[in-house]
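Have a look at the structure below before the remarks.
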Amino acid sequence: MNQTSDPKNIVANIAGKKIYLDDVSSEVINVIKELGAFQMAYGSELIWQIKCTDEGEVIKTLQELNLQGFLFAGGPAGYPAADVFALLLKKKSLSHQFREVRWRGPGDWFIIKR
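Residue numbering for the sequence shown follows the numbering used here, beginning at 41 and increasing consecutively.
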């Protein structure tokens, strides 16, 4: 089923101590800036990045993004943000359910509660 708009506020990737955000809505810009987010060029587009100092800060930041309603990108390949969050849940580093967004194709996405 094709949706009329793409999902917003997505944790697109978690790589080491860096968290990458995509399709951020204007309503949460101030919140993510308070978490240390800044915009950076990624190819021809701008994305948001949060650099954390250690794993504890990564966990705290992911928890806050989850509480703010961010979706965590999932997918069958690689190590998507949703799988990183799920691993932290399993290790008991995080304690709240989260929502994963997956795409079947352009304009065709769905959300899973995990």
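Glycine included, C-beta positions come from ideal geometry on N, C-alpha and C.
As the structure is a computational prediction, the values presented were derived from the model and not from experiment.
- Taking all protein chains shown into account, decide if Leu-61 is buried (16 or more other Cβ within 10 angstroms of its Cβ) or exposed. In the sequence shown, residue 61 corresponds to position 21, counting from 1. The residue is buried, with at least 16 neighbouring Cβ atoms inside 10 Å.
- Query: Which same chain residues, not among the five before or five after Leu-86, have their C-beta less than 6 Å away from its C-beta?
  - Reply: As a working note, residue 86 is residue 46 in the sequence shown. The residues are Gln-79.
- Message: Checking the sheet assignment: what are the DSSP bridge partners for Leu-86?
- Response: Within the sequence shown, the letter at position 46 stands for residue 86. DSSP, once it has assigned bridges, lists Ala-81 as partnering Leu-86.
- To the nearest angstrom, how far is it from the Cα of Tyr-82 to the Cα of Leu-111? Numbered from its first residue, the sequence shown carries residue 82 at position 42. Numbered from its first residue, the sequence shown carries residue 111 at position 71. Our two residues, Tyr-82 and Leu-111, have alpha carbons roughly 20 Å apart in a direct line.
- Message: Quick check on the burial criterion: 16 or more other C-beta atoms within 10 angstroms. Buried or exposed for Ile-90?
- Response: Counting from one through the sequence shown, the residue named residue 90 turns up at place 50. Under this definition Ile-90 is a buried residue.
- Query: Nearest CA to the CA of Lys-132: which residue from Asp-94, Ile-151, Ile-99 and Arg-142?
  - Reply: For the purposes of this step, residue 132 is taken as the residue at position 92 of the sequence shown. Nearest in C-alpha terms to Lys-132, of all of Asp-94, Ile-151, Ile-99 and Arg-142, is Ile-99.
- Item | DSSP three-state assignment for Ala-122, whether helix, strand or coil | As a position in the sequence shown, residue 122 is number 82, starting the count at 1. Helix at Ala-122.
- Message: So Ala-52 and Ala-113 are supposed to be a Cβ contact under 8 Å. How far apart are they, rounded?
- Response: Start at 1 with the first residue of the sequence shown, and residue 52 comes out as number 12. Start at 1 with the first residue of the sequence shown, and residue 113 comes out as number 73. For Ala-52 against Ala-113, the beta-carbon gap comes to about 5 Å, under 8 Å, which counts as contact.
- Just reading off the alpha helix (DSSP H) that Lys-100 is part of, what are its end residues? To locate residue 100, count along the sequence shown from 1; it is residue 60. Per DSSP, Lys-100 belongs to the alpha helix (DSSP H) from 95-107.
- Query: DSSP puts Val-51 in a beta bridge; with which residues?
  - Reply: One-based indexing of the sequence shown puts residue 51 at position 11. The beta-bridge partner set that DSSP reports for Val-51 consists of Leu-61 and Phe-112.
- Are Arg-139 and Trp-149 touching if we call contact CB-CB under 8 Å? The sequence position of residue 139 within the sequence shown is 99, counting from 1. The sequence position of residue 149 within the sequence shown is 109, counting from 1. Contact flag unset, no.
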